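Each residue of the sequence shown is one higher than the one before, starting from 0 at the first, in numbering that gives the first Met the number 0.
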Amino acid sequence: MLDIFKCIQCNSTINIVQDNIVCKKCNKQYKKTNGIIDFSLLSDKTENIKEDVVQTTEAFAWQWHNSEMGHNKGSKTYSKQLFLDRYGVSEDELIEYVSNKIVYDPAIGSGRVEYIFAKYAKEIYSTDLSNAVYKAKENLDNHFNNINYFKGNLINPPFKNDSFDVVICHAILQHTGNTFEGIKSLTNTLKEDGIIFFDVYRKAAPIRDFTDDFIRSLVSNLPPQEAWDKLIPITKLAQDLYNQTIIIDKDIKELEIKAGEYNLQRFIYYKFLKTFWNDNMSFEDNHMVVFDWYYPKVSERYTVEEVKSWLEKLNLEVIKFHTLEGGIGVIARKVIQ
Numbered sequence: 000m001l002d003i004f005k006c007i008q009c010n011s012t013i014n015i016v017q018d019n020i021v022c023k024k025c026n027k028q029y030k031k032t033n034g035i036i037d038f039s040l041l042s043d044k045t046e047n048i049k050e051d052v053v054q055t056t057e058a059f060a061w062q063w064h065n066s067e068m069g070h071n072k073g074s075k076t077y078s079k080q081l082f083l084d085r086y087g088v089s090e091d092e093l094i095e096y097v098s099n100k101i102v103y104d105p106a107i108g109s110g111r112v113e114y115i116f117a118k119y120a121k122e123i124y125s126t127d128l129s130n131a132v133y134k135a136k137e138n139l140d141n142h143f144n145n146i147n148y149f150k151g152n153l154i155n156p157p158f159k160n161d162s163f164d165v166v167i168c169h170a171i172l173q174h175t176g177n178t179f180e181g182i183k184s185l186t187n188t189l190k191e192d193g194i195i196f197f198d199v200y201r202k203a204a205p206i207r208d209f210t211d212d213f214i215r216s217l218v219s220n221l222p223p224q225e226a227w228d229k230l231i232p233i234t235k236l237a238q239d240l241y242n243q244t245i246i247i248d249k250d251i252k253e254l255e256i257k258a259g260e261y262n263l264q265r266f267i268y269y270k271f272l273k274t275f276w277n278d279n280m281s282f283e284d285n286h287m288v289v290f291d292w293y294y295p296k297v298s299e300r301y302t303v304e305e306v307k308s309w310l311e312k313l314n315l316e317v318i319k320f321h322t323l324e325g326g327i328g329v330i331a332r333k334v335i336q
């Protein structure tokens, strides 16, 4: 491993040479469990919503320990295409960015994104604030030998500034409790001219945003299994709507709906309710996508203008700014002035 670690309490250099690491300056101890060092610490930048951040973290730990979504054929194909579509890149373009590079994945989850790029990278340093990182190691250890796993918070990462060639932060920033500070921290870990991939949810049509918040308020205080069960009818509805069509004769500007012919499941999905369905995936994997959306309490959505303002503040040079109806994907370069 590279000599890139810092104490998350006092920022002094620490060496990873034993199972129980102690910072020589402030005496903070870091323990290793199942081969993974725990650098996790809730950030003071999310103190005002601490309980919601804890619930969100535990939600992801539960879902990734209880699902193979992203690790079987149908959902693996979906996850790969979703990733490439979100950033508007081909697989060949992605390979150019990561080939023989030192990569930081700050929220590895169950490790499903690693199948897309890990075999091309020189070395990967991955963290997750939740216990999902243990599942990721279990899922990936037999596939890759270039991934290092740590428990840690991307807003307060255990890595020195200027450590990585590439940061790939996929599908997590909106769940951190402070998206801008998350991007700022990740940018600091990049070397000069380093590349960052990140995405966020985009603000949806007004009824869809309202419905999302309403349903989340109904299920996010429940135990995860109970919430899972209560959300099943939404996934069943999505399945029933699949392959049906609807024609809208005229624009409905107030609801951001344009005239045209739509797949009914996707029309409801984008404008009213997250009726997610992919016919190449199992019911359970489809339902995991719905659960992933509605159960975590912290789930922000942003406008194009907000994201562009962050890039300007952080002096990130935009390579790609890819806007889809459901999200915004960014590839940018760290520029030193």
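Cβ atoms here follow ideal geometry from the backbone N, Cα and C, with glycine treated the same way.
Fair warning: this is a prediction, and the values are worked out from it, not measured in the lab.
Delimiting residues of the alpha helix (DSSP H) encompassing residue i
| i | result |
| --- | --- |
| T126 | No alpha helix (DSSP H) holds T126; the beta strand (DSSP E) holding it covers 122 to 127. |
| V132 | 131 to 139 |
| K229 | 223 to 240 |
| E283 | 282 to 293 |
| D37 | D37 -> not in any alpha helix (DSSP H); beta strand (DSSP E) instead, spanning 35 to 37. |
| I182 | 178 to 188 |
| I115 | 113 to 116 |
Residue i - DSSP class collapsed to helix/strand/coil
| i | result |
| --- | --- |
| H321 | strand |
| K100 | coil |
| I335 | coil |
| K5 | strand |
| R201 | strand |
| L172 | helix |
| T55 | helix |
| E311 | helix |
| I330 | strand |
| F209 | helix |
| T45 | helix |
| K270 | helix |
| I107 | coil |
| Q17 | coil |
| D192 | strand |
| K31 | strand |
| I94 | helix |
| E299 | coil |
| I154 | coil |
| E50 | helix |
| E316 | strand |
Among the options, the one whose alpha carbon lies nearest that of residue i
| i | options | result |
| --- | --- | --- |
| S188 | R207, L172, S162, H169 | The identity of residue 188 in the sequence shown is Thr, whereas the question assumes Ser. The shortest Cα separation from T188 among R207, L172, S162, H169 belongs to S162. |
| D164 | F149, M0, N99 | N99 |
| N19 | C25, I13, Y29 | Y29 |
| N299 | E283, K202, I330, N65 | Reading off the sequence, residue 299 comes out as Glu, not Asn. It is K202 whose Cα lies nearest to the Cα of E299. |
| N141 | G151, Y114, T126, S66 | Y114 |
| L310 | V289, D104, G181, K229 | G181 |
| T186 | D208, F209, N160, T175 | N160 |
| D211 | F271, K257, I251 | F271 |
| D51 | Y294, V303, N314 | Y294 |
| S184 | I7, V289, K307, L1 | I7 |
| M280 | G34, T76, L1 | T76 |
| L217 | N33, W292, S308, C25 | W292 |
| R85 | K27, F197, K190, V21 | F197 |
| D228 | N33, E283, L1, N47 | E283 |
| V288 | N14, T32, T234, D43 | T234 |
| V303 | N314, T126, T322 | T322 |
| N145 | D104, K134, G151 | D104 |
| V53 | R207, F179, K296 | K296 |
| L1 | A331, E122, K27, C9 | E122 |
| L41 | I35, E57, T32 | E57 |
Endpoints, beta strand (DSSP E) assigned at residue i
| i | result |
| --- | --- |
| F149 | 146 to 150 |
| L83 | Per DSSP, L83 belongs to no beta strand (DSSP E); it is in the alpha helix (DSSP H), 72 to 86. |
| F163 | 163 to 168 |
| G259 | 259 to 262 |
| I245 | 244 to 247 |
Proximity below 7 Å, CB of residue i to CB of residue j
| i | j | result |
| --- | --- | --- |
| S39 | L128 | yes |
| A120 | V132 | no |
| E260 | T244 | yes |
| T55 | N177 | no |
| A117 | F143 | yes |
| V166 | I327 | no |
| E324 | Y269 | yes |
| Y124 | N147 | yes |
| Y301 | I194 | no |
| C22 | I13 | yes |
| W276 | N285 | yes |
Residue i CB to nearest heavy atom of the ligand FMN below 6 Å
| i | result |
| --- | --- |
| A117 | As far as ligands go, the structure on display features none, and thus does not contain the ligand FMN. |
Quiz item: Would the region 65 to 74 and the region 144 to 164 be scored as touching if the rule is three or more Cβ pairs under 8 Å?
Solution: no
Self-check item: Stretch pair the region 103 to 123 + the region 165 to 176: three plus CB contacts closer than 8 Å
Solution: yes
Exercise. Would you check if there are 3 or more beta carbon pairs closer than 8 Å linking the region 311 to 323 to the region 237 to 253?
Key: no
Quiz item: On the three-pair Cβ rule with 8 Å, is the region 190 to 205 touching the region 218 to 238?
Solution: The region 190 to 205 vs the region 218 to 238: no contact.
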